[in-house]
Amino acid sequence: MTNLKKNLFAAVLLATSTMAVSAQPHTSAVSASAAASSSIDKTRAEVRADLALWKKAGLDQFRVDYEPSITFSREYRSAYAEYVRMRNGPEYNAEVQREVQRQSKR
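Under mature numbering (1 follows the signal peptide of the UniProt record, and there is no 0), the letters of the sequence shown match residues -23 to -1, 1 to 83, in that order.
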């Protein structure tokens, strides 16, 4: 009987972890970009620019730490797509320049 319980537990654990992995949003391009840039130190201006774009995209309105399933909602995915678009577009460089200028005025 214990062997049956162990096998059942292992099967449930495998099924649960498989579902959790397959349910993750597919952001391989973003993950690759993040992995490449994570090894490089970011300046304060770059970090602040990234945060500004996160907020402009509306992602600061979502509390993923309280409700992780929100990442599957249409609203979150739309906001995240907008963030990625801005982060990889000219908006990011413009925001970095604004931050550099803001910091130089201090």
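Beta carbons: idealized from backbone N, C-alpha and C, even for Gly.
Taking buried to mean at least 16 other C-beta atoms within 10 Å of its own C-beta, is residue i buried or exposed?
{"i": "ALA71", "result": "exposed"}
{"i": "TYR60", "result": "buried"}
Where does the unbroken alpha helix (DSSP H) through residue i begin, and where does it stop?
{"i": "GLN74", "result": "67 to 81"}
{"i": "VAL41", "result": "From DSSP, VAL41 is part of no alpha helix (DSSP H); its letter is neither H nor E."}
{"i": "ALA22", "result": "21 to 33"}
{"i": "SER55", "result": "51 to 64"}
Alpha carbon to alpha carbon, how far is residue i from residue j?
{"i": "ALA26", "j": "SER81", "result": "15 angstroms"}
{"i": "GLU76", "j": "ALA29", "result": "10 angstroms"}
{"i": "ASP18", "j": "VAL24", "result": "10 angstroms"}
{"i": "GLY66", "j": "ALA56", "result": "15 angstroms"}
{"i": "HIS3", "j": "ARG40", "result": "Note that HIS3 scores a pLDDT of 48, beneath 50, so its modelled location is shaky and nothing firm can be said."}
{"i": "MET63", "j": "GLU44", "result": "25 angstroms"}
{"i": "ARG54", "j": "LYS32", "result": "14 angstroms"}
{"i": "ALA22", "j": "ALA34", "result": "18 angstroms"}
{"i": "PHE49", "j": "ASP37", "result": "16 angstroms"}
{"i": "VAL73", "j": "SER46", "result": "32 angstroms"}
{"i": "ALA58", "j": "ARG79", "result": "27 angstroms"}
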